[in-house]
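Engineer: Residue numbers (this note's numbering): 575 to 906.
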């Protein structure tokens, strides 16, 4: 087990370096090859030529590519200083970029918004795992019944309906219509009740989409596993059906679900843009949308880095959970 963990940690470290280099290429090399003025993208098209030249010097765009890549890489772990003549700007570690438009380091702004996105993703994940997996298992066990058909119809609706539709519909019914939930975001420090009231509808809306997908995957996987030889052997040995399902079938069903969960949670760490926009949540997704509107490239770059690292960490955790659930992974 220890050797497996060391291999996975080493692979994750190598992948982190690759991710940073790929992000550097996307934001600095590809635009240059396409003939785009990178400094103009960072400072804005309405900036005067002196400001653009100053940003070009601060970013070191005239330096060799390897020097630029090293400064970008070093800045993430040790901080970075942007200097142009007597104008010096320091970006403390971890430096995910500096917005020359707002005169702000990217990292503090993103970390201020990250808890909202994290709470949204984790709360919704708990709901979609509970209801999605439960619905999928029951549909597989009651194949062809009214419950099975009804659950799959609801799941199909959940996959098909866009979040902005279900989100606005939930606001119209439960907030504006019935008045049960305020629907306005309240910071956690202002009270747990208000915070929960502002998060419950986003949780349900986001969970409805993912629970539908997890229910369909769980049903298909469970049906396939219930036809395996070892399940028939367990039943032939006289084990109770509850033991066969919970100890044998569910353990194998969890493997593809863990893969999906790692990818989904990692991606959501970069912000659920539609959900956050619909419910006016001050998370990373909302910040990305604002950065796109304002052509504020450093914030987009920072969120890309955070999302990539989140996916990497989530997949590392999933790989470790694989080894816990399936001993064959440790022996491979």
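Virtual Cβ for every residue (Gly too), placed ideally from N, Cα, C.
1. Going by DSSP in three states, residue 760 sits in which element: helix, strand or coil?
2. Do you know offhand how far residue 879's Cα is from residue 844's?
3. To the nearest angstrom, how far is it from the Cα of residue 763 to the Cα of residue 836?
4. Taking only the alpha-carbon atoms, compute the straight-line gap between residue 735 and residue 728 and give it to the nearest angstrom.
5. Name the residue from 636, 678 and 632 whose alpha carbon lies nearest to the alpha carbon of residue 662.
6. Per the contact definition of three or more C-beta pairs closer than 8 Å, is the segment 690-708 in contact with the segment 778-796?
7. What is the DSSP secondary structure of residue 838, counted as helix, strand or coil?
8. Kindly give me the distance between the Cβ atoms of residue 737 and residue 848, rounded to whole angstroms, as I take these residues to be in contact under 8 Å.
9. On the premise that residue 684 lies in contact with residue 674, defined as a C-beta separation below 8 Å, what is that separation, rounded to the nearest angstrom?
10. Are the beta-carbon atoms belonging to residue 788 and residue 710 less than 9 Å from one another?
11. Quick check on the DSSP output: the alpha helix (DSSP H) that includes residue 932 runs from which residue to which?
12. Just the Cα atoms here: how many angstroms apart are residue 634 and residue 606?
13. Does the pairing of the segment 818-838 with the segment 786-805 give three or more beta-carbon distances under 8 Å?
14. Could you compute how far the alpha carbon of residue 765 sits from the alpha carbon of residue 759?
15. When you compare each of 731, 767, 761 and 771 to residue 749 by their alpha carbons, which one comes out closest?
16. Could you tell me if residue 686 is buried or exposed, where buried requires 16 or more neighbouring beta carbons within 10 angstroms of its beta carbon?
17. Look at the alpha carbon of residue 870 and the alpha carbon of residue 578, and state the distance between them as a whole number of angstroms.
18. Hey, out of 658, 618, 875 and 598, whose CA is closest to residue 646's CA?
Structural biologist: Quick answer:
1. coil
2. 9 Å
3. Rounded to the nearest angstrom, the two C-alpha atoms are 29 Å apart.
4. 10 Å
5. 632
6. yes
7. helix
8. 4 Å
9. At roughly 17 Å, the Cβ-Cβ gap does not stay under 8 Å, so residue 674 and residue 684 are not in contact.
10. yes
11. With the chain running from 575 to 906 in the structure shown, residue 932 is simply not present.
12. 13 Å
13. With a cut-off of 8 Å, the segment 786-805 and the segment 818-838 count as touching, because enough Cβ pairs lie within range.
14. 11 Å
15. 771
16. exposed
17. 42 Å
18. 598
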